[in-house]
Amino acid sequence: MVSLHSSNYSPRLLAFLSLLIPGLGLFIRGHTRQAIQTVFISVVLALTVWWSRNWGGAGTQIFAGILFFLPWWTFQSYHASLPIPLSIVATWNRVWERGLDIRYLGGLFLFSAVMDLSIILGNPDYQLQVFCTRPGGILGLLTKLQSPFFHVLIGYGFLRLVRWGLSAYLVYASYGLMNALANFACEGYGRIRMVFFLTLLVFTLYVFMRRKCFGQKSQEGLSRA
Numbered sequence: 000m001v002s003l004h005s006s007n008y009s010p011r012l013l014a015f016l017s018l019l020i021p022g023l024g025l026f027i028r029g030h031t032r033q034a035i036q037t038v039f040i041s042v043v044l045a046l047t048v049w050w051s052r053n054w055g056g057a058g059t060q061i062f063a064g065i066l067f068f069l070p071w072w073t074f075q076s077y078h079a080s081l082p083i084p085l086s087i088v089a090t091w092n093r094v095w096e097r098g099l100d101i102r103y104l105g106g107l108f109l110f111s112a113v114m115d116l117s118i119i120l121g122n123p124d125y126q127l128q129v130f131c132t133r134p135g136g137i138l139g140l141l142t143k144l145q146s147p148f149f150h151v152l153i154g155y156g157f158l159r160l161v162r163w164g165l166s167a168y169l170v171y172a173s174y175g176l177m178n179a180l181a182n183f184a185c186e187g188y189g190r191i192r193m194v195f196f197l198t199l200l201v202f203t204l205y206v207f208m209r210r211k212c213f214g215q216k217s218q219e220g221l222s223r224a
């Protein structure tokens, strides 16, 4: 097998190739073992996402893809672009130290804002349940629009790693958790409702744990990424 030196390829090209096919950027650099490892993990995660449809339908499958496969897909692309053959653990440490995981979450928030807005425009008669009520009219529209608005606000704050981004998220997460608890009290147990609540709780704990990423020091670390 011919080993191609990584200096022949720009980091952006290597990342792009791995976005097309997981592990491809590593393979053409000659890191065959890491490429095979990447492909194996990708296949396992893809099968897990495919299986999740049997458990909770198409919505659960999309959610599982965003929660598991998409982060890995992005991570392995970044891993392939690094100038030295780092291990997966070393690459994760690099991501952790420079707050790149928070920036990734910021991108997810912006993506979800677009999805929310498309759902709102595609289903104008849908009434969102808020604290056991489904407001209509102008109030109902404003209630629905608060989701893409906050997602854009939080997404930008996370991408820039600014402190107000963390504050905006904690306010919005508190609202989401209280709303979920109120709907539990009114509607009772629901599998989707429970998954949403637990996911939001774990997600919020993770963001709070990473609160030190937000601020000037994180920005300086990001500039060296």
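So the sequence shown is numbered by my numbering: it starts at 0 and just counts up by one.
We treat Cβ as the ideally placed atom computed from N, Cα and C, and that holds for glycine.
Item, Value
"Top-ranked residue by Cα proximity to Arg-28, from Pro-82, Leu-116, Leu-199 and Thr-132", "Pro-82"
"For Leu-16, the first and last residue of its enclosing alpha helix (DSSP H)", "10–19"
"For Val-129, the three-state DSSP class (helix, strand or coil)", "strand"
"The region 195–208 contacting the region 166–178, beta-carbon criterion three pairs below 8 angstroms", "yes"
"Alpha-carbon to alpha-carbon, Phe-62 and Arg-210", "25 angstroms"
"Exposed unless 16 or more other CB atoms sit within 10 angstroms - verdict on Thr-288", "In the structure as shown, the chain begins at 0 and stops at 224. Residue 288 is therefore absent and cannot be evaluated."
"Beta-carbon proximity check, Leu-44 vs Phe-67, cutoff 7 angstroms", "yes"
"From Trp-72, Gly-121, Leu-46 and His-30, residue whose alpha carbon lies closest to that of Ile-20", "Trp-72"
"Whole-Å CB distance - Leu-25 paired with Ala-34, under 8 angstroms assumed", "4 angstroms"
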